[in-house]
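In my numbering, the protein residues as written are 42 to 151.
Quick look at the structure:
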């Protein structure tokens with residue numbers, strides 16, 4: 042960080058949160074795209090791609106906030122627990138993201 046300054050968990054949160062948020066958004070979008078492809082959901086590739094970009098961006102923002110809060114604030118007390126909690130929370134976000142959006146309008150994939 043600067044001369045004579047040590048990186049605190051709050052500063053690490055500012056570095057880790059955007060990268061982890063983008064990674065979570067990309068992972069969720071890739072999994073959702075695979076589910077949609079398997080079930081032939083959507084109008085065409087362009088329409089699906091735009092929806093995935095928008096949904097993935099929302100997931101990335103939510104995950105970045107989650108990572109930032111846990112690493113930046115909880116990491117001050119115990120960085121290992123904060124990292125594990127942030128990872129578990131991101132995994133739950135991806136799971137909910139895919140579970141809720143994989144079959145829009147109740148369409149059943151067979």
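Glycine residues also receive a C-beta, built at the ideal position from the N, C-alpha and C atoms.
Predicted model, so just to flag it, every value in this text is computed and none were measured.
C-alpha gap between residue i and residue j, whole angstroms
i	j	result
residue 54	residue 67	19 Å
residue 42	residue 57	Unreliable placement is indicated for residue 42, whose pLDDT of 47 sits below 50; no coordinate value is reported for it.
residue 65	residue 82	22 Å
residue 109	residue 78	33 Å
residue 60	residue 88	26 Å
residue 114	residue 97	25 Å
residue 137	residue 112	22 Å
DSSP-derived helix/strand/coil call for residue i
i	result
residue 114	coil
residue 42	Note that residue 42 scores a pLDDT of 47, beneath 50, so its modelled location is shaky and nothing firm can be said.
residue 82	coil
Short CB-CB distance (under 7 Å) between residue i and chain C
i	result
residue 111	Considering every chain present, this structure includes no chain C. It has just one protein chain.
Own chain residues within Cβ distance below 7 Å of residue i, not counting five before or after
i	result
residue 102	62
| message | Does the segment 134-142 come into contact with the segment 92-100, if we say contact requires no fewer than three beta-carbon pairs (one atom in each stretch) closer than 8 Å? | response | Yes, since at least three Cβ pairs between the segment 134-142 and the segment 92-100 fall closer than 8 Å, the two stretches touch.
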